[in-house]
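With my numbering, letter number 10 in the sequence shown gets 238, and the count goes up by one each step, no holes. These notes concern the structure reproduced below.
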Amino acid sequence: MASEGLSPMGAYDSIDMGDRLQVKRITVKPGAQLSLQMHHHRAEHWIVVKGTAVVTNGDQEILLTENQSTYIPIGVVHRLENPGKFDLELIEVHSGGYLGEDDIVRFEDTYGRA
């Protein structure tokens with residue numbers, strides 16, 4: 229499957245999409261991180277498939293390894309980082325009434341998108 233989204237931090241593929249559901253496979257390069265962000269209309273579940281993730285989930289910082297997961301409720305500030313030396317691969321499940329990519333409020337972004 230070809231990557232749908234590429235950025236300096238990695239890539240993602242959309243695996244499935246439904247009325248209130250979207251599933252993505254995300255790859256984060258070693259040392260890279262996603263922006264500190266939140267969503268008004270969707271919650272997210274992150275499941276680590278390969279590698280190690282540091283997750284900011286509200287006021288918590290969580291270390292996740294393979295087969296571990298976290299739930300990010302609607303409106304909670306969050307970030308994903310790869311502290312490892314190898315690619316981080318995870319499955320991201322969006323659920324909610326609106327799943328558009330424009331439902332992202334960025335607070336900090338290493339790549340100038342905030």
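Beta carbons are placed, not taken as given, at the ideal position from N, Cα and C, and that holds for glycine.
Buried versus exposed call for residue i [16 or more other C-beta atoms within 10 Å across all chains shown]
i    : result
Q261 : buried
I290 : exposed
M237 : buried
G279 : buried
R307 : buried
A342 : Confidence in A342 is poor, its pLDDT being 49 and thus under 50, which makes the residue's placement unreliable; the coordinate value appears in the next sentence. A342 should be labelled exposed.
According to DSSP, residues forming a beta bridge with residue i
i    : result
A260 : DSSP output for A260 lists no bridge partner at all.
I243 : In DSSP, I243 forms no bridge with anything.
G253 : Just to set this straight, residue 253 is Arg in the shown sequence, not Gly. Looking at the DSSP assignment, R253 forms a beta bridge with D241, I319.
Other residues of its chain near residue i: CB distance less than 8 Å, five sequence neighbours each side excluded
i    : result
T298 : H273, W274, V283, N285, I290, L292
G312 : P258, G279, T280
V304 : M266, N285, G286
Residues near residue i by beta carbon distance below 6 Å, same chain, minus five either side
i    : result
V321 : V251, H273
H269 : G324, G325, Y326, D331
E329 : none
F335 : L264
Test: residue i CB closer than 8 Å to a CB of chain B
i    : result
R248 : Any reference to chain B falls outside this structure, which holds one protein chain only.
Close-in-space but distant-in-sequence residues of the same chain around residue i (CB under 7 Å, 5 per side omitted)
i    : result
K257 : M237, G238, N310, D315
I319 : V251, R253, I275, V277
What are the uninterrupted segments assigned as beta strand (DSSP E) that are 3 or more residues long and contained completely in the region 262-342, given in chain order? 264-266, 270-278, 281-285, 288-292, 297-300, 306-309, 316-324, 333-336
Evaluate the contact criterion for the region 291-298 versus the region 237-249: three or more CB pairs, one atom per stretch, below 8 Å. no
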